[in-house]
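Sequence order for the protein chains is A and B.
Just so we're aligned: 24 in UniProt numbering is position 24 of the first sequence, and the numbers increase by one with no gaps anywhere.
Just so we're aligned: 86 in UniProt numbering is position 86 of the second sequence, and the numbers increase by one with no gaps anywhere.
Every residue, glycine too, gets a C-beta built ideally from N, C-alpha and C.
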Amino acid sequence: MARGIGQYIVIRGLMIIPTILILYTIVFIFLRILPGNPVLAVVGTKNISPEQLQHLMEMAGLDKPLYVQYFDYLWKMLHGDFGVTLAFPMGKPVVEYLKLRFPATLELTIFGFTVSVLLGLLTGTIAATKKGTKIDTGMRLYSIIAYTLFIPWFGMMLQYVFGIHFHVLPTSGRIDPGIELQRITGLYVLDSILTGNWEAFTSAISHLILPATTLGIVLSGAYTRLVRNNMVDVLSQDFIRSYYARGVRDWKVTWYALKNAFIPVVTLMGLQFAILLGGAVLTETTFNWPGMGTFIVDRIDYRDYNAIQGAVVFFAFFVGLISLIVDIVYALLDPRVKY
Amino acid sequence: MKSKVLSLALLAIFVFSVVASGCIGGEKTTTQTGGAGYAEQIVIGVTDKVTDLDPANAYDFYTWEVLNNIMEGLVKYKPGTLEIEPALAESWEVNEDSTVWTFHLRKDLKFADGTPLKAQDVVRSIERVMTIQGDPSWLVTDFVEKVEAKDDYTVVFYLKQPTSYFLALLTTPPYFPVHPSYSPNEIQSDQTAGGAGPYKIAKWVRDEELVLEANPNYYGEPPKTKRIIIKFYRDASTMRLALQNGEIDIAWRTLRPTDIESLKSEGKYSVIEVPGGFIRYVCLNTKAEPTSNVKVRQALAAAIDRQEISNKVFKGTVEPLYSLIPNGMWSHIDAFKEKYGDGNIELAKKLLKEAGYDESNPLMIQLWYTPTHYGDTEADLAQVLKEQWERTGVIKVDIKSAEWGTYVDYARKGQMQVYLLGWYPDYLDPDDYTTPFLKSTANSWAGTGYTNPTVDELLTKAQSLTDQNERTKLYEQVQKILAEEVPYIPLIQGKLFVVTSPDVKGVTIGPDMIFKYSTIYKEKG
Numbered sequence: 001m002a003r004g005i006g007q008y009i010v011i012r013g014l015m016i017i018p019t020i021l022i023l024y025t026i027v028f029i030f031l032r033i034l035p036g037n038p039v040l041a042v043v044g045t046k047n048i049s050p051e052q053l054q055h056l057m058e059m060a061g062l063d064k065p066l067y068v069q070y071f072d073y074l075w076k077m078l079h080g081d082f083g084v085t086l087a088f089p090m091g092k093p094v095v096e097y098l099k100l101r102f103p104a105t106l107e108l109t110i111f112g113f114t115v116s117v118l119l120g121l122l123t124g125t126i127a128a129t130k131k132g133t134k135i136d137t138g139m140r141l142y143s144i145i146a147y148t149l150f151i152p153w154f155g156m157m158l159q160y161v162f163g164i165h166f167h168v169l170p171t172s173g174r175i176d177p178g179i180e181l182q183r184i185t186g187l188y189v190l191d192s193i194l195t196g197n198w199e200a201f202t203s204a205i206s207h208l209i210l211p212a213t214t215l216g217i218v219l220s221g222a223y224t225r226l227v228r229n230n231m232v233d234v235l236s237q238d239f240i241r242s243y244y245a246r247g248v249r250d251w252k253v254t255w256y257a258l259k260n261a262f263i264p265v266v267t268l269m270g271l272q273f274a275i276l277l278g279g280a281v282l283t284e285t286t287f288n289w290p291g292m293g294t295f296i297v298d299r300i301d302y303r304d305y306n307a308i309q310g311a312v313v314f315f316a317f318f319v320g321l322i323s324l325i326v327d328i329v330y331a332l333l334d335p336r337v338k339y
Numbered sequence: 001m002k003s004k005v006l007s008l009a010l011l012a013i014f015v016f017s018v019v020a021s022g023c024i025g026g027e028k029t030t031t032q033t034g035g036a037g038y039a040e041q042i043v044i045g046v047t048d049k050v051t052d053l054d055p056a057n058a059y060d061f062y063t064w065e066v067l068n069n070i071m072e073g074l075v076k077y078k079p080g081t082l083e084i085e086p087a088l089a090e091s092w093e094v095n096e097d098s099t100v101w102t103f104h105l106r107k108d109l110k111f112a113d114g115t116p117l118k119a120q121d122v123v124r125s126i127e128r129v130m131t132i133q134g135d136p137s138w139l140v141t142d143f144v145e146k147v148e149a150k151d152d153y154t155v156v157f158y159l160k161q162p163t164s165y166f167l168a169l170l171t172t173p174p175y176f177p178v179h180p181s182y183s184p185n186e187i188q189s190d191q192t193a194g195g196a197g198p199y200k201i202a203k204w205v206r207d208e209e210l211v212l213e214a215n216p217n218y219y220g221e222p223p224k225t226k227r228i229i230i231k232f233y234r235d236a237s238t239m240r241l242a243l244q245n246g247e248i249d250i251a252w253r254t255l256r257p258t259d260i261e262s263l264k265s266e267g268k269y270s271v272i273e274v275p276g277g278f279i280r281y282v283c284l285n286t287k288a289e290p291t292s293n294v295k296v297r298q299a300l301a302a303a304i305d306r307q308e309i310s311n312k313v314f315k316g317t318v319e320p321l322y323s324l325i326p327n328g329m330w331s332h333i334d335a336f337k338e339k340y341g342d343g344n345i346e347l348a349k350k351l352l353k354e355a356g357y358d359e360s361n362p363l364m365i366q367l368w369y370t371p372t373h374y375g376d377t378e379a380d381l382a383q384v385l386k387e388q389w390e391r392t393g394v395i396k397v398d399i400k401s402a403e404w405g406t407y408v409d410y411a412r413k414g415q416m417q418v419y420l421l422g423w424y425p426d427y428l429d430p431d432d433y434t435t436p437f438l439k440s441t442a443n444s445w446a447g448t449g450y451t452n453p454t455v456d457e458l459l460t461k462a463q464s465l466t467d468q469n470e471r472t473k474l475y476e477q478v479q480k481i482l483a484e485e486v487p488y489i490p491l492i493q494g495k496l497f498v499v500t501s502p503d504v505k506g507v508t509i510g511p512d513m514i515f516k517y518s519t520i521y522k523e524k525g
């Protein structure tokens, strides 16, 4: 069994490589197909000579044939080097930006993920235990509405209500200006706990509430439906009836049913994490959250090939890693899974 | 029983939300109070970005604003005016033909960290710009032959040709002395050592936050507010919400016209309006058909109604412009208004007829714009222009757009017929609004292909004359030729809007459009 799971992990791990390679190739091709180039986007309407322009192109490595650019970057990536930025500031290692921006996205994703799972479990469980009632219909309606909400619109509604109308929560950023926080992991909530900086902690949490809730609510809809359907299925099984017959309390039965209905939810959690990262791009833009999403959008404006490629590949690697972990957890939870 | 559990769970969530909101939120107070009767900290929101903290390479308006607050040149504009006053230099002399300029530095100058600033630092910094050859280096290399330190406090510039507006050039960042820790021969985009300005950089997180603190070694009056925090926003809507929620004290560059209008009408904020030196214009390709025909270009100029553009597209946040030289700058004349009027459809029809176009044989043109670079009003601007031109009944306009990188490429290669661009000045002199557009050796970036030896000669002469009256005559002549030949059609001149919470005072922005943070303050309260 141990050897089996070892092999399984290695094989699943290796599958991340072609995924990343395909994604890198697609991003590389798309960026080059689009007209215009990063140097011109930066130079704009400035009066520079063709020689200077050529010099800048050479500095950015854009004078080389496409296949050379492709393999050069790939080779660098294999060595953990994501190249240097082509736009402002020129020549700064992309990896420095990834280090700076990724923790912000991760923090938002973790909180959004937690909100979505908790809400999904709660609403799904309520719907299942109230099957056929108005509450069930209400919860199912919630799941559809939540799933179809457009993040920027919903985020803005929350900003208006809690920021502008009630003045109880900040509408943008990660922390109040002027608060100094020692950076250890880059996750502000964690760093503030580690350093015992409670002013930073409350500020970071307050800044997280609206974006994490936006993301969490939008993505909770899928959980609601899945949990409800699985719970309904489990609740109709014989072992549940036997619990009731033995006089086990209602909440305990619900808990046992939830545990049994949980395995498919784990799979969804893996998939949702990837979607969450995608949703984080929209959420970050809405809440001016300085993460990977806003970084990629900024860099697209500049046509910064290296930064876009680096960020997308890094994202893909991370999503692949999470999927791998989820698969392993799933395999461990469900004895029916064969390695 | 089940319903009790559920009710309790829902109640718990509700209570948690309320408590969390109450404990964590509350009215935002971005201000801490300090000495001197003023708040210690002011937070400014911007949607612009700092591109490069190296004055040898920075070449955009917002970055120049930041550099102007952390550095200073030998001279500077008196706040709110076009008058040049001493800065790091306390006096200067110029030889008769204005080719040798000698500056005498103050004796007590220091960089923000206490390192003394001497004439050699000025020379080193300028030679650094010349060596690095970054984007704005032409502001030095086109004019300065060499620069020397005669002693610790005397700097002498030897110019390539007489340059009457050299003091205006000296107010630009490439001439600012930088701290010795800037590398002598390479660009340092994230260098925070700065120079000898009223503020120093305390914290810099690109595209997120810039914290400035008063420079204890500044030679002049200390800034009124000890700490200025700049928060960078991706879009104007989020910045507006942050202002309304009290997360920032000042919303600066750039709110949308609709936001300004609505914040004004709320009556809770101070909306400060400043004339801006940036201009918008239409470029016309003089080498490609049909805009190679001067009658066509004149007709397009005649049909434009600038007041309508200002009202419809920009909600009155800009003013009509009838020359490339902006309103309020010496030598400006309303050349296009004098020649064509405004929205003169009859004249446009007449000119088109002379060019061989009528209702049965309409003029077909492609109007290009770029969707985001100049804000989100650009598509509306293109649409209004199309409507105005099509009012003649003789012009059919096809609107096209391209993203900035592509747009610039098309412009440089002369691939567009009619297209929209904008201009922020490098230095405040009519030369900066004429030479880069009209001089045949300087206008390749614009893609209009315009050349005129007479204009070249007039501009060269204007550059070398020191008498402002003489120069005025030459620039007036150039503007008349521009209106006659129409390689560009000036449209509007921007205004700047600073929206502040009511307790913020002391906002002063001059014609140089640079916001000097040292004058702003917020009374304790």
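Span of the alpha helix (DSSP H), counted from its first residue to its last, around residue 19 (chain A): Along the first sequence, one-based indexing puts residue 19 (chain A) at 19. From DSSP, the alpha helix (DSSP H) with residue 19 (chain A) extends over 16-33.
Buried/exposed call for residue 148 (chain A), threshold 16 Cβ in 10 Å: One-based indexing of the first sequence puts residue 148 (chain A) at position 148. With fewer than 16 other Cβ atoms within 10 Å, it is exposed.
Residue 515 (chain B) - partner residues in DSSP beta bridges: Translated into positions along the second sequence, residue 515 (chain B) becomes position 515. Beta-bridge partners of residue 515 (chain B) (DSSP): B:509.
Residue 364 (chain B) classed as buried or exposed, judged by whether at least 16 other C-beta atoms fall within 10 angstroms: Residue 364 (chain B) sits at position 364 when you count from the first residue of the second sequence. Exposed: under 16 other Cβ atoms inside 10 Å.
Expected contact under 8 Å - CB spacing of residue 481 (chain B) and residue 224 (chain B) to nearest Å: Looking up residue 481 (chain B) in the second sequence gives position 481. Looking up residue 224 (chain B) in the second sequence gives position 224. Actually they do not touch by this definition, with Cβ atoms about 47 Å apart.
Beta-carbon proximity list for residue 253 (chain A), same chain, < 7 Å, skipping 5 on both sides: Against the first sequence, residue 253 (chain A) aligns to sequence position 253. So the qualifying residues of the chain are 240, 243, 244.
Contacts around residue 523 (chain B), its chain only, beta-carbon distance under 8 Å, and the 5 residues preceding and following it disregarded: Taking the second sequence and counting its residues from 1, one reaches residue 523 (chain B) at position 523. For residue 523 (chain B), where only same-chain residues beyond five positions count, the Cβ hits under 8 Å are 37, 38, 39, 503, 505.
7 Å Cβ shell around residue 173 (chain A) - same chain, five flanking residues per side excluded: The residue given as residue 173 (chain A) occupies position 173 in the first sequence. If we look at residue 173 (chain A) and ignore the five residues flanking it on each side, its Cβ neighbours are 207, 288.
Simplified DSSP state of residue 402 (chain B), which is helix, strand or coil: As a working note, residue 402 (chain B) is residue 402 in the second sequence. Reduced to three states, the DSSP call for residue 402 (chain B) is coil.
Among B:54, B:48, B:168, B:500, the one whose alpha carbon lies nearest that of residue 191 (chain B): The residue given as residue 191 (chain B) occupies position 191 in the second sequence. Per the Cα distances, B:54.
Spatial neighbours of residue 69 (chain A) in its chain, beta-carbon cut-off 7 Å, leaving aside the 5 residues before and after: Within the first sequence, residue 69 (chain A) is the residue found at index 69, counting from 1. Answer for residue 69 (chain A): 61, listed in chain order.
Beta strand (DSSP E) segment containing residue 227 (chain B), residue limits: Here the question's residue 227 (chain B) lines up with position 227 in the second sequence. Start and end: 227-232.
Buried/exposed call for residue 227 (chain B), threshold 16 Cβ in 10 Å: As a position in the second sequence, residue 227 (chain B) is number 227, starting the count at 1. Residue 227 (chain B) is buried by the Cβ-count criterion.
is_contact[residue 124 (chain A), chain B] using C-beta, thresh 7 Å: Here residue 124 (chain A) refers to the residue found at position 124 when the first sequence is read from its first residue. Not closer than 7 Å to any Cβ of chain B, the Cβ of residue 124 (chain A) fails to qualify, so no.
Classification of residue 305 (chain B) by the beta-carbon crowding that lies within 10 angstroms, buried from 16 upward: Taking the second sequence and counting its residues from 1, one reaches residue 305 (chain B) at position 305. With 16 or more Cβ atoms within 10 Å of its Cβ, residue 305 (chain B) is classed as buried.
Below-7 Å beta-carbon distance, residue 96 (chain B) vs any chain A residue: As a position in the second sequence, residue 96 (chain B) is number 96, starting the count at 1. By this cut-off, residue 96 (chain B) is not an interface position.
Rounded straight-line distance, which links the Cα of residue 326 (chain B) to that of residue 332 (chain B): Here the question's residue 332 (chain B) lines up with position 332 in the second sequence. Here the question's residue 326 (chain B) lines up with position 326 in the second sequence. Spanning the two alpha carbons is a distance of roughly 6 Å.
Residue 237 (chain B), buried or exposed, once every other Cβ within 10 Å from all chains shown has been counted against 16: As a working note, residue 237 (chain B) is residue 237 in the second sequence. Answer is buried; the Cβ neighbour count reaches 16.
Contact the region 308-326 of chain A vs the region 266-276 of chain A: 3+ CB pairs below 8 Å: Touching, yes.
Pair within 7 Å by beta-carbon distance, residue 134 (chain B) and residue 57 (chain B): For the purposes of this step, residue 134 (chain B) is taken as the residue at position 134 of the second sequence. For the purposes of this step, residue 57 (chain B) is taken as the residue at position 57 of the second sequence. Yes, Cβ-Cβ distance for residue 134 (chain B) and residue 57 (chain B) is below 7 Å.
Enclosing alpha helix (DSSP H) for residue 145 (chain A) [first to last residue]: As a first step, residue 145 (chain A) must be located in the first sequence, where it is residue number 145. Counting along the chain, the alpha helix (DSSP H) containing residue 145 (chain A) begins and ends at 134-148.
Amino acids of chain A, ordered along the chain, whose beta-carbon sits closer than 8 Å to that of residue 229 (chain B): Mapped onto the second sequence, residue 229 (chain B) falls at position 229. 177, 178, listed in chain order.
Residue 282 (chain A) to residue 222 (chain A) span [Cα, whole Å]: Here residue 282 (chain A) refers to the residue found at position 282 when the first sequence is read from its first residue. Here residue 222 (chain A) refers to the residue found at position 222 when the first sequence is read from its first residue. So the two alpha carbons sit approximately 18 Å from each other.
Per-residue contacts from residue 252 (chain B) into chain A (C-beta, under 7 Å): Taking the first residue of the second sequence as 1, we reach residue 252 (chain B) at position 252. The premise fails here: residue 252 (chain B) is roughly 15 Å from chain A at the closest Cβ pair, so nothing lies under 7 Å.
Where residue 501 (chain B) falls: helix, strand or coil (DSSP): Here the question's residue 501 (chain B) lines up with position 501 in the second sequence. Of the three classes helix, strand and coil, the one that applies to residue 501 (chain B) here is coil, per DSSP.
Residue-level contact to chain B via CB, residue 41 (chain A), 7 Å cutoff: Within the first sequence, numbered from 1, the residue matching residue 41 (chain A) stands at position 41. Chain B contact via Cβ: present.
Inter-residue spacing [alpha-carbon to alpha-carbon] between residue 246 (chain B) and residue 45 (chain B): Position 246 of the second sequence, counting from 1, holds the residue named residue 246 (chain B). Position 45 of the second sequence, counting from 1, holds the residue named residue 45 (chain B). Computed Cα separation, rounded: 11 Å.
Cβ pair residue 86 (chain A), residue 304 (chain A) closer than 7 Å: Along the first sequence, one-based indexing puts residue 86 (chain A) at 86. Along the first sequence, one-based indexing puts residue 304 (chain A) at 304. Yes, the Cβ-Cβ distance between residue 86 (chain A) and residue 304 (chain A) is below 7 Å.
Under 8 Å from the C-beta of residue 111 (chain A): neighbouring residues of chain B: Working through the first sequence from its first residue, we reach residue 111 (chain A) at position 111. When 8 Å is used as the limit between beta carbons, residue 111 (chain A) is near no residue of chain B, the shortest such separation being about 13 Å.
Closer than 7 Å to chain A by CB, residue 233 (chain B): Counting from 1 along the second sequence, the entry for residue 233 (chain B) is found at position 233. At least one chain A Cβ lies under 7 Å of residue 233 (chain B).
Simplified DSSP state of residue 217 (chain B), which is helix, strand or coil: For the purposes of this step, residue 217 (chain B) is taken as residue 217 along the second sequence, with counting starting at 1. Looking at residue 217 (chain B) - three-state DSSP - the assignment turns out to be coil, as it is neither helix nor strand.
Residue environment, residue 25 (chain A), which counts as buried when at least 16 other CB atoms sit within 10 Å: The residue you call residue 25 (chain A) lines up with position 25 of the first sequence. Its Cβ having fewer than 16 others within 10 Å, residue 25 (chain A) is exposed.
CB contact flag (residue 456 (chain B), residue 440 (chain B), <7 Å): Taking the first residue of the second sequence as 1, we reach residue 456 (chain B) at position 456. Taking the first residue of the second sequence as 1, we reach residue 440 (chain B) at position 440. Against a cut-off of 7 Å, the Cβ pair of residue 440 (chain B) and residue 456 (chain B) comes out as a contact.
Residue closest to residue 527 (chain B), alpha-carbon to alpha-carbon, out of B:469, B:264, B:387, B:434: Limits of chain B in this structure are 1 at one end and 525 at the other, which puts residue 527 (chain B) out of reach.
Classification of residue 30 (chain B) by the beta-carbon crowding that lies within 10 angstroms, buried from 16 upward: Locating residue 30 (chain B) in the second sequence gives position 30, where the first residue counts as 1. Reliability of the predicted coordinates at residue 30 (chain B) is poor, the pLDDT of 44 falling under 50, and the value obtained from them is presented with this limitation in mind. Answer is buried; the Cβ neighbour count reaches 16.
Residues from the region 148-169 of chain A in contact with chain B, defined by Cβ distance under 9 Å: Within the region 148-169 of chain A, 156, 159, 160, 162, 163, 164, 166, 167, 168, 169 place their CB atoms closer than 9 Å to a CB of chain B, listed in sequence order.
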